[in-house]
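Participant: Have a look at the structure that comes next, please.
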Amino acid sequence: MDRVYVDNNATTRVAPEVLKEMLPYLEDLYANPSSMYTFAGQAAEKLKEARSRVAGLIGADPEEVVFTSCGTESDSTAIWAAVNSNPEKRHVVTTRVEHPAVKNLCEHLANKGWRVTFVPVDAQGRLDTDFLYRNLTPDTAVVSVMWANNETGVIFPMEEIANEVRRRGIVFHTDAVQAVGKIPIDLGRMPMDMLSLSGHKLHAPKGVGVLYIRKGTKFSPFLIGGHQEHGRRGGTENAASIIALGKACELAGEHMQEEKNRVRQLRDRLEAGLLAAIPGSAVNGDMENRLPNTSNIGFESVEGEAILLLMDQHGICASSGSACTSGSLEPSHVLRAMGVPFTSAHGSVRFSLSIYNTEAEVDYIVEKLPPIIKRLRGMSPFWKNAQKKAKKAAVVS
Ligand code: PLP
């Protein structure tokens, strides 16, 4: 096989239907949607349709949808809006397992003098919600908790958290970048104030996102400029990508059942195949409450990066749980927060599937990966030591 792409939490391919929908707005219908003439009106109409399609997927009102340039911009806008709208409040609550888009911003706020509480998770990556509620005070300006984790796929109990936070009158934001399009979301039932999503995680192009802002939420824009998005985000709209995102949301709604059933079955087949073939391997994360497409597996005593490089030779594209690409040899902050032992956290690989994956691809990974792990363990002093220890323990008992 030339390429088996199982890194869909990093980004997804643009769906062919989505590409078809956006191309006319790059080729012939390139007018600025804010212009007055009929030519521009076509783009403006299509933008309106996109807004309704996005709103339809998440159970929002179209007026509550603000288009942005990415998930990171949506997260930043939401958190800055909350702290700027509540200047007297100097406390922010988030979790220890957020994506850097939220984590690094909260650390930045901490450096600037805000008090920031990072809520811990347990060994399965489940949030300590009691800790969260105990730490909410009248001084809390905003709570930002991700809906689903990008590394492990663990889903947090969003409805309960949103209700508890709102009950105390505190602004609640969720980074739903990994959840939208993979699991049903109905903001009619969830009292959150703001939600972030990103196009390239659901088969739209990179460089387009959405911030949902519930009607009545105090808000101040991050990008101050033109009147676009009703003054909530200045800048000429990225019309073609927004139109693409609208189509991607419509498709995601149609594919939700497939994601729930077929993609989940593929993920489970991959997981079962690898766990059976590779001793010293275990799933990281709560297996009950997980995105249907994600599997994070720790392989004892091997380097995640080495696994990725050798898988790459077979055309397999996945991600590792450690962060060498960011210049550090530390395992991921998510796995560390879960207390995953160092020897396993270092050898963790995230597989994230999509509706475009097939059974044949899954079987290909299950065939290629076990010899790779065996080969790497043959060179690993950690593995040899662990084996010796295990043998000694067996003799003693
Ligand atoms: N939040 C989560 C949970 C993510 O997984 C990502 C991207 O990986 C982002 C935010 C950032 O989204 P974007 O790449 O659109 O800025």
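So the mapping is simple: this note's numbering equals the position in the sequence shown, first residue as 1, plus 53. For every residue, glycine included, the Cβ atom is placed at its ideal position computed from N, Cα and C. Quantities reported herein were computed from a predicted structural model and do not represent experimental measurements.
#1: Assuming Gly368 and Met54 are in contact, meaning their beta carbons sit under 8 Å apart, how far apart are those beta carbons, in whole angstroms?
#2: Short check: CB of Leu240 to CB of Ala113, under 7 Å?
#3: Suppose the cutoff is 7 Å on Cβ atoms and the five residues either side in sequence are ignored; what does the same chain contact list for Ser48 look like?
#4: Where DSSP assigns a beta bridge to Cys370, which residues make up the other side?
#5: So, is Lys165 buried or exposed, given that buried needs 16 or more other C-beta atoms within 10 angstroms?
#6: Run through DSSP, which three-state label would Lys73 get?
#7: Assign Arg403 to one of three DSSP states: helix, strand, or coil.
#8: What would DSSP say about Pro384, mapped onto helix, strand or coil?
#9: Look up Val261 in the DSSP assignment and say whether it is helix, strand or coil.
#10: With a threshold of 6 Å (Cβ to nearest heavy atom), would Ala231 be considered close to the ligand PLP?
#11: So does Cys123 have its beta carbon nearer than 6 Å to some heavy atom of the ligand PLP?
#12: Give me, in chain order, the residues of the same chain whose beta-carbon lies closer than 6 Å to that of Glu452; leave out the 5 immediate sequence neighbours on both sides.
#13: Give me the Cα-Cα distance between Thr411 and Ala398, rounded to the nearest whole angstrom.
#14: What are the start and end residues of the alpha helix (DSSP H) that includes Met309?
#15: So the candidates are Gly252, Ser251, Leu189; which of them puts its Cα closest to the Cα of Gly222?
#16: Cβ of Asp246 within 6 Å of any heavy atom in the ligand PLP?
#17: Please list, in chain order, all residues of the same chain as Lys268 whose beta carbon is under 8 Å from its beta carbon, the five residues on each side excluded.
#18: Near Thr147, which residues of its chain fall below 8 Å by C-beta distance, leaving aside the five closest residues on each side in sequence?
#19: Kindly indicate which three-state DSSP category Gly392 falls into: helix, strand or coil?
#20: Please report the Cβ distance between Thr270 and Met243, rounded to the nearest whole angstrom; I am assuming they are in contact, meaning their Cβ atoms lie under 8 Å.
#21: Determine which residues share a DSSP beta bridge with Val174 and list them.
#22: Can you tell me whether Phe395 is buried or exposed, with buried defined as 16 or more other CB within 10 angstroms of its CB?
#23: Using the Cα positions of Gly299 and His161, report the straight-line distance between them to the nearest angstrom.
#24: If you compare alpha carbons, which of Val67, Val71, His256, Ala335 is closest to Thr205?
#25: On the DSSP letters alone, give me the boundaries of the alpha helix (DSSP H) that Ser127 sits inside.
#26: Specify the secondary structure class of Glu98 as computed by DSSP and reduced to three states.
Facilitator: Put simply:
#1: 6 Å
#2: yes
#3: The structure shown does not extend to residue 48, since the chain spans only 54 to 450, so no value can be given for it.
#4: Tyr58
#5: exposed
#6: helix
#7: strand
#8: strand
#9: coil
#10: The sequence shown places Gln at residue 231, rather than the Ala named in the question. Correct: Gln231 has its Cβ closer than 6 Å to the ligand PLP.
#11: yes
#12: Outside the displayed range of the chain (54 to 450) lies residue 452, so it cannot be described from this structure.
#13: 28 Å
#14: 292 to 311
#15: Leu189
#16: no
#17: Asp114, Glu116, Glu117
#18: Val155, Lys156, Cys159, Val169, Thr170, Phe171, Val172, Val196, Ser197, Val198
#19: coil
#20: Wrong, their Cβ atoms sit about 14 Å apart, outside the cutoff.
#21: Leu180
#22: exposed
#23: 33 Å
#24: Ala335
#25: 124 to 138
#26: helix
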